[in-house]
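Colleague: Just so we're aligned, residue 249 is where the sequence shown starts under this note's numbering, counting upward by one. This is the structure I have questions about; it appears just below.
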Amino acid sequence: MISNIDWNDTIKKEARGSNDEDLGEVQEVSGGYVLVQRGLINKEKFYIPQDQAESYDGSVLTFRVSEDEILNKYKRDSAPSSSFDMDNKSNSIQQTKAADLGRESEETKVPLTAEKLEVSKDTRESQTTITKEPTTETKTVQVPITHEEVTIETRPPSGDTEAQTPVSSKEDIIIPVKKEEIGEVTKTPYVKEEVVVKRKPVTETKEVTEEITSERVNTSEI
249 MISNIDWNDT IKKEARGSND EDLGEVQEVS GGYVLVQRGL INKEKFYIPQ
299 DQAESYDGSV LTFRVSEDEI LNKYKRDSAP SSSFDMDNKS NSIQQTKAAD
349 LGRESEETKV PLTAEKLEVS KDTRESQTTI TKEPTTETKT VQVPITHEEV
399 TIETRPPSGD TEAQTPVSSK EDIIIPVKKE EIGEVTKTPY VKEEVVVKRK
449 PVTETKEVTE EITSERVNTS EI
């Protein structure tokens with residue numbers, strides 16, 4: 249019997265035989281027996297010893313005995329007596345021992361070894377060079393320059409203007425005027441833009457080819 253089964257949790261769960269036969273549903277567990285009931289109208293009751301349980305996965309309780317054996321030994325309308333209990337336990341223990349001996353005599357485990365590739369990775373440092381170099385271009389700049397021009401306007405004399413004798417010959421009057429000219433051209437450096445250098449991991453897959461050895465078995469009669 250499997251000791252770690254929560255028998256209370258098996259109530260109302262599905263029961264199956266060793267050949268995956270549908271035995272019905274677990275109704276109760278008491279006195280060393282599991283009461284399994286099958287059918288709605290013609291109900292069949294099986295009182296199966298707890299030590300015949302093989303596994304429980306939370307929804308299905310599986311027994312190590314087949315449906316035929318359960319029909320022959322454990323189909324009853326009421327709970328079995330103590331003498332029946334002792335006989336069935338004795339038979340169950342003998343059957344379990346015989347089954348275990350049969351399995352031990354039939355099975356031989358031969359481990360087969362194989363190699364697997366394990367590739368280590370080493371981290372090393374390398375350098376990436378970022379180069380700044382000058383580029384030359386011709387640039388034209390529009391420079392506004394200002395100069396003064398003389399205009400002649402005729403208007404009535406003001407009262408404080410003193411009359412003078414008209415000139416007897418040609419006379420030049422010098423009027424100073426200002427004008428701007430293109431001077432020295434200088435070049436001033438400024439930050440045009442920034443280049444941001446980032447480092448990020450990039451993964452690529454590379455192939456490693458190597459021979460490995462594994463074992464296999466061959467049978468031969470002597």
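Glycine included, C-beta positions come from ideal geometry on N, C-alpha and C.
Return the chain-ordered list of same chain residues with a C-beta closer than 8 angstroms to the C-beta of Leu365, the five sequence neighbours on each side being excluded.
Modeller: Val456, Glu458 and Ile460
Colleague: Between which two residues does the alpha helix (DSSP H) carrying Ile318 extend?
Modeller: Glu315 to Lys321
Colleague: Check for me: the beta strand (DSSP E) holding Asp270 runs from which residue to which?
Modeller: Asp270 to Ser278
Colleague: Please report the residue range of the beta strand (DSSP E) in which Thr310 lies.
Modeller: Val308 to Phe311
Colleague: Roughly how many angstroms separate the alpha carbons of Gly265 and Ser314, rounded to a whole number?
Modeller: 5 angstroms
Colleague: Let me make sure I understand the geometry here. Which of Thr361, Thr384, Ser416 and Val425 has the alpha-carbon closest to that of Arg464?
Modeller: Minimum Cα distance to Arg464 is reached at Thr361.
Colleague: Looking at Arg286 and Glu276, is the spacing between their C-beta atoms short of 9 angstroms?
Modeller: Result no, Cβ atoms of Glu276 and Arg286 do not sit closer than 9 angstroms.
Colleague: I'd like to confirm the pairing. Which residues does DSSP put opposite Ala362 in its beta bridges?
Modeller: Ser462
Colleague: Under the rule that 16 or more other beta-carbon atoms within 10 Å means buried, what is Thr453, buried or exposed?
Modeller: exposed
Colleague: In its own chain, which residues sit with a C-beta less than 7 angstroms from the C-beta of Ala327, not counting the 5 before and 5 after it?
Modeller: Gly279, Tyr281 and Tyr295
Colleague: Can you give me the start and stop residues for the alpha helix (DSSP H) that Asn256 sits inside?
Modeller: Trp255 to Thr258
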